[in-house]
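Chains as they are written, first to last, in this note's numbering: chain C, 265 to 372; chain G, 10 to 122.
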C-alpha cells in the first residue's frame, strides 16, 4: 500500500465548475500537507500549505484536512481553462511524499 | 525575489556516463531537497541538504550523490548512468526544511540514451 493514494483521473470539467480533488494517506506521522499544481514540462508550483485539520481558503482554492480520517481535499471554484494541469498532493514528515497526481482538464 | 533555479534545463547523456545537475535555492533558504519524477514512479525523494550536510536520504543507489555549498547552492551527481535514470530531476528549496514550505525549480530533464 502506498503512503499517499491519489486518483490519477483524468478529470474533465466545464469552465466554471467546481473541481474536487482528494488524497488519502496511511502514515499518521504526516503533519504538513501541501497541494501543488504542475503544468506539462514544468516544476510543481505550491498552491496551498496547511498543518492543521480544518479548512484553508486562498482565492478560488480551498484546502481541507481531516487528520482523523487521514483525508485531504482541494476544491477549485469557478474553474478556468488555465487551471488545466496535474494536481499533486504532498505530505511531509522530513521529506515530501507525493500522491500520483490528478490530471485536470477544464473545458472552455 | 528570484525563485529556485536549476541548470541545465535539458541534458542528453549516454549510458555509463556521469552527470552533474545544479540547483540555486531561493535567497535565504538553507534547505535543498532533490526529487526524481518519472511517469511510472511519480515524485520520489532523493536526499536533503541543510547547511552543507546531508540530513536525509531516500532509497536510491549510491550512484546518486549530492553536496551543498556554503552559499546553499546544491549539486546532484549521477554516475554510471542507466537508461532508467531518464527522468525530470527537481530541486526543492525551503527556509529550514522540516515544517516549512517547499518551493520547486523547473527541473532538469535528463535523457539517457
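Glycine included, every Cβ here is placed at the ideal spot set by N, Cα and C. Note that the coordinates shown come from a computational prediction; the quantities given were computed from them, not determined experimentally.
Whole-angstrom distance between residue j and residue i, CA atom to CA atom
| i | j | result |
| --- | --- | --- |
| residue 64 of chain G | residue 56 of chain G | 8 Å |
| residue 358 of chain C | residue 321 of chain C | 25 Å |
| residue 21 of chain G | residue 317 of chain C | 44 Å |
| residue 306 of chain C | residue 35 of chain G | 17 Å |
| residue 350 of chain C | residue 368 of chain C | 6 Å |
| residue 71 of chain G | residue 103 of chain G | 25 Å |
| residue 277 of chain C | residue 370 of chain C | 5 Å |
| residue 299 of chain C | residue 319 of chain C | 13 Å |
| residue 269 of chain C | residue 302 of chain C | 18 Å |
| residue 372 of chain C | residue 297 of chain C | 31 Å |
| residue 294 of chain C | residue 32 of chain G | 27 Å |
| residue 310 of chain C | residue 354 of chain C | 10 Å |
| residue 275 of chain C | residue 266 of chain C | 21 Å |
| residue 93 of chain G | residue 48 of chain G | 11 Å |
| residue 74 of chain G | residue 111 of chain G | 21 Å |
| residue 362 of chain C | residue 272 of chain C | 12 Å |
| residue 59 of chain G | residue 67 of chain G | 15 Å |
| residue 326 of chain C | residue 340 of chain C | 7 Å |
| residue 356 of chain C | residue 38 of chain G | 18 Å |
| residue 323 of chain C | residue 313 of chain C | 14 Å |
| residue 283 of chain C | residue 352 of chain C | 14 Å |
| residue 105 of chain G | residue 304 of chain C | 29 Å |
| residue 109 of chain G | residue 95 of chain G | 29 Å |
| residue 76 of chain G | residue 290 of chain C | 32 Å |
Beta strand (DSSP E) segment containing residue i, residue limits
| i | result |
| --- | --- |
| residue 278 of chain C | 275-278 |
| residue 47 of chain G | 40-47 |
| residue 87 of chain G | 83-87 |
| residue 53 of chain G | 51-59 |
| residue 101 of chain G | 96-103 |
| residue 313 of chain C | 309-314 |
| residue 33 of chain G | 28-33 |
| residue 356 of chain C | 349-356 |
| residue 73 of chain G | 73-77 |
| residue 68 of chain G | No beta strand (DSSP E) contains residue 68 of chain G, which DSSP labels as neither H nor E. |
Cβ-Cβ separation, residue j to residue i (assumed contact under 8 Å), whole Å
| i | j | result |
| --- | --- | --- |
| residue 331 of chain C | residue 288 of chain C | Not confirmed; about 12 Å, so no contact. |
| residue 336 of chain C | residue 344 of chain C | Actually they do not touch by this definition, with Cβ atoms about 23 Å apart. |
| residue 116 of chain G | residue 365 of chain C | About 14 Å; that fails the 8 Å criterion. |
| residue 143 of chain G | residue 99 of chain G | Examination of residue 143 of chain G is not possible in this model, given that chain G is present from 10 through 122 alone. |
| residue 338 of chain C | residue 285 of chain C | 5 Å |
Distance CB(residue i)-CB(residue j) smaller than 8 Å
| i | j | result |
| --- | --- | --- |
| residue 118 of chain G | residue 18 of chain G | yes |
| residue 78 of chain G | residue 13 of chain G | no |
| residue 26 of chain G | residue 97 of chain G | no |
| residue 347 of chain C | residue 280 of chain C | no |
| residue 53 of chain G | residue 30 of chain G | no |
- Task: Could you tell me whether the stretch 29-42 of chain G touches the stretch 78-85 of chain G, using the rule of 3 or more Cβ pairs below 8 Å?
- Result: Note that the stretch 29-42 of chain G touches the stretch 78-85 of chain G; at least 3 beta-carbon pairs, one per stretch, sit closer than 8 Å.
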